[in-house]
Amino acid sequence: MADFEWVSPSAWMLTKAFWRFEDANALWVLIGSVLLGMSASVVGSFAVLKRNALIGDALAHSALPGVMMAFILFETQSPLVVLFGAMSSSLLGLFLMDWLPKNTKIKPDAALAITLSFFFALGLMALSYIQGLNVEGKSGLDKILFGQAAAMLPEDLMVLSAVAMGVLLLITLLFQKWRLITFNRQYARSIGIWVKAYDVLLALLMVLVVVIGLQIVGVVLMAAVLLVPVSAARFWHPQLAVILWVAAIIGGLSGLISANISYIAPATPTGPWMVLVLAGFFIFSFIFAPYQGWLVRRIRQASQRSPLHE
Amino acid sequence: MSVSPLRVENLAMRYHTQPVLEGVSFDIPAGSSVAILGPNGAGKSTLLKGIMGLAPLMQGKVSVFGGALTDQRLKVAYVPQRDESDWDFPIQVMDVVLMGRHGHLKFWQRPSSVDRALAKQALQKLDMLPYQNRQISQLSGGQQQRVFLARALVQQADLYLMDEPFAGVDMMTEKAIVGLFEILKQQQKTIVCVHHDLNTVAEYFDWVILINHGLIASGPVETTLTPEIIAKTYGGRIPLGLKLGTQRKGNGRF
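Those sequence lines, one after another, are chains L and G. According to my numbering, the first sequence is numbered sequentially starting from 48. According to my numbering, the second sequence is numbered sequentially starting from 111.
Have a look at this one:
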């Protein structure tokens, strides 16, 4: 205990309670957060490599009005209703981002920004409308903006975990296809790979991951969980398979730490904590990672230079 | 008589609304090495993409070995232009070459040791074996091109379509590509290349297809690559860098 005097006693007690899983929910929150972190990092990696990094941000913001509409229609926050609402409006956003550049002079980046802000504004309007309503079960809806892991219920987390595991499994199975397509699209088509189908499938996985992540990370900061792990992982290793593993570990550990923090400090939202933890991993990787970290590059430069001075 | 490895009939293509190719028809003999020539923007790469089904045809028909490409994709290997790929992608040379085996694998299969052995052989033929574990981002332009050719080689196709394989490569690579052509010709394979250097045509190829939005000529190098047809293809302007009569290392055929 003496070693931990810098943590307030109550925080330490709560952490101990969390790790003993005295609260049955805690185990579920932990599993859910880790699986979400892992699946989001892996799906996000492909988006980053396709130079389509911000699509997750737009999809997350697009989910908001769907969640609110679903609540207005069904007056419940049961996980499948939330999932359904979020998915339908996220998919609508995805469609809009694809349709606009193809049928108008609007460029893809502008289409993304337009979709993101329209849907988010609509969602916020619906949220304030719901808060003015006199219905039961509306408390906690606003948590979806910045996430609140500890407030999630086991049934939410079971759905989340199942989806996350499905996503991880599919990526593992189809890794070679997506690697080929992402590296060399025309070649993939030339050998008869149905590139369009894999594009759509990856976009759907992205929607799923974003949607299940809403209650843990929140709409506003969801993109960071998709993008930061792979960006940090590229400092560690040159090969995609290893990069995906490192990204998954970073994402999973961030989920784990954030779930813990969410228990210690239930008043603060989880999303910002998660991003701060990810930022820590990123800075650590940037400096100390063995492949392209700052330290290693400095050492390499120095050792290359030295023979000239001899 | 053997079936033509590639026959194009009355092909027309557009880029957005702009017509790029119109009324292109030709037929090439089996086992030949063919250069597609023409000025910039004449539709050379577009033609190759149309043949491979990578860009839509407005009109016309393409047959490979007497049938549709979609029924025999493995028989045709495509080498895309080098700058259409992401060379910062985190992948090693070996893994890129193994992509060429993809079509031979079942949906759930991963490359086997046999596939790896084939990939090594292909890299050997292009003098790239020492680079098998390199990151592609560390390669020079010529080395990148040789990796792409090795990938096409392990596909074990009968027809090879290459988009500007000689563009911007070093002498080493140029030699390696020519060596590869010889190996492929010995095996009776057919090569079709988009090419830009008129000085080397007669040396590397035995058949030429000249296009400028439409077909100008198609035939054996000796009879087809005449000053008149070159002038007609390039609109009367002699293309930059062509030194008539003072070929770099040609055999002075034109």
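Think of the CB as a built atom: it goes at the ideal place given N, C-alpha and C, for glycine as much as any other residue. Source: prediction; values computed, not measured.
Beta-carbon proximity of residue i to residue j, cut-off 8 Å
i      : j      : result
G:I246 : G:V264 : no
G:A122 : G:G170 : yes
L:T62  : L:I297 : no
L:H108 : L:L74  : no
L:G103 : L:A250 : no
G:Y314 : G:S195 : no
G:K185 : G:A267 : yes
G:I161 : G:L208 : no
L:L174 : L:D189 : yes
L:P319 : L:F131 : no
G:T334 : G:G148 : no
L:T317 : L:S301 : no
L:L303 : L:S80  : yes
L:V257 : L:A158 : no
L:G84  : L:V272 : yes
G:A262 : G:A187 : yes
L:L252 : L:V90  : yes
L:A294 : L:S86  : no
L:I309 : L:A168 : Correcting the residue type first, residue 309 of chain L is Ser in the shown sequence and not Ile. Their beta carbons are not under 8 Å apart, which means L:S309 does not touch L:A168 by this criterion.
G:I319 : G:I201 : no
L:F166 : L:G187 : no
G:L294 : G:A260 : no
L:M126 : L:E202 : According to the sequence as given, residue 126 of chain L is Pro; it is not Met. Taking 8 Å as the Cβ cut-off, L:P126 and L:E202 qualify as a contacting pair.
G:T156 : G:V130 : yes
L:V254 : L:M134 : yes
G:G324 : G:G133 : yes
Segment limits, beta strand (DSSP E) that includes residue i
i      : result
G:N322 : 317 to 322
G:T300 : 300 to 304
G:Q296 : Segment 281 to 296 is the alpha helix (DSSP H) holding G:Q296; no beta strand (DSSP E) there.
G:V172 : 169 to 173
Under 7 Å from the C-beta of residue i: neighbouring residues of chain G
i      : result
L:P285 : P200, Q245
L:F230 : S195, D196, F199, I201
L:L147 : The premise fails here: L:L147 is roughly 17 Å from chain G at the closest Cβ pair, so nothing lies under 7 Å.
Residues bridged to residue i [DSSP beta-bridge criterion]
i      : result
G:R124 : G:P129
L:E183 : In the DSSP output, where bridge partners are listed per residue, L:E183 has none listed.
G:Q202 : G:Q245
G:L271 : G:Y188, G:V302
G:M137 : What sits at residue 137 of chain G in the sequence shown is Asp, not Met. For G:D137, which the question treats as bridged, DSSP gives the partners G:R117.
G:G329 : G:V318
G:G177 : G:V174
Contact set between residue i and chain L, taken where Cβ atoms lie within less than 8 Å
i      : result
G:L164 : Q233, R236, S237
G:R183 : S237, I238, G239
G:H306 : Under the 8 Å cutoff, chain L gives no residues; its nearest Cβ is about 19 Å from G:H306.
G:G213 : I238, G239
9 Å Cβ cut-off: residues of chain L touching residue i
i      : result
G:R220 : Q223
G:M209 : Q223, R226, L227, F230, N231, Y234, A235, I238
Boundaries of the alpha helix (DSSP H) in which residue i is found, first to last residue
i      : result
G:I146 : Unbroken run through G:I146 is the beta strand (DSSP E), 143 to 147; no alpha helix (DSSP H).
G:L236 : From DSSP, G:L236 is part of no alpha helix (DSSP H); its letter is neither H nor E.
L:S80  : 71 to 96
G:H214 : First-last for G:H214: undefined, no H or E at that position.
L:Q223 : 201 to 230
L:P126 : 126 to 150
G:Q254 : 251 to 264
L:D246 : 242 to 264
L:G298 : 287 to 311
L:S278 : 269 to 280
L:D104 : 102 to 121
Proximity test, residue i beta-carbon vs the ligand MG heavy atom, cut-off 7 Å
i      : result
G:V257 : The ligand MG is absent from the structure shown, which contains no ligand whatsoever.
Chain-ordered chain L contacts of residue i [CB-CB under 7 Å]
i      : result
G:Y188 : Y234, S237
Chain-ordered chain G contacts of residue i [CB-CB under 9 Å]
i      : result
L:R344 : Correct list: empty, because the minimum Cβ distance to chain G is about 15 Å.
L:I290 : P200
L:L261 : Chain G residues near L:L261: none, gap ~30 Å exceeds 9 Å.
L:R347 : Correct list: empty, because the minimum Cβ distance to chain G is about 14 Å.
L:L215 : Here the premise fails: no neighbours, minimum Cβ distance about 17 Å.
Where residue i meets chain G, residues with beta-carbon distance less than 8 Å
i      : result
L:R281 : P200
Original post:
Taking contact to mean at least 3 C-beta pairs separated by less than 8 Å, is the stretch 267 to 281 of chain L in contact with the stretch 231 to 240 of chain L?
Top reply: no
**OP:** Count the CB pairs spanning the stretch 299 to 312 of chain G and the stretch 267 to 287 of chain G that are closer than 8 Å, and state whether there are at least three.
**Re:** yes
**OP:** For the stretch 113 to 124 of chain L and the stretch 284 to 294 of chain L, state whether three or more C-beta atom pairs, one from each stretch, are separated by less than 8 Å.
**Re:** no
Original post:
For the 8 Å Cβ check, are there 3 or more pairs between the stretch 143 to 154 of chain L and the stretch 88 to 98 of chain L?
Top reply: no
Original post:
Is the number of C-beta pairs between the stretch 251 to 268 of chain L and the stretch 198 to 214 of chain L that are closer than 8 Å three or more?
Top reply: yes
Subject >> Segment contact, 8 Å Cβ cut-off, at least three pairs: the stretch 153 to 167 of chain G with the stretch 210 to 227 of chain G >> reply: no
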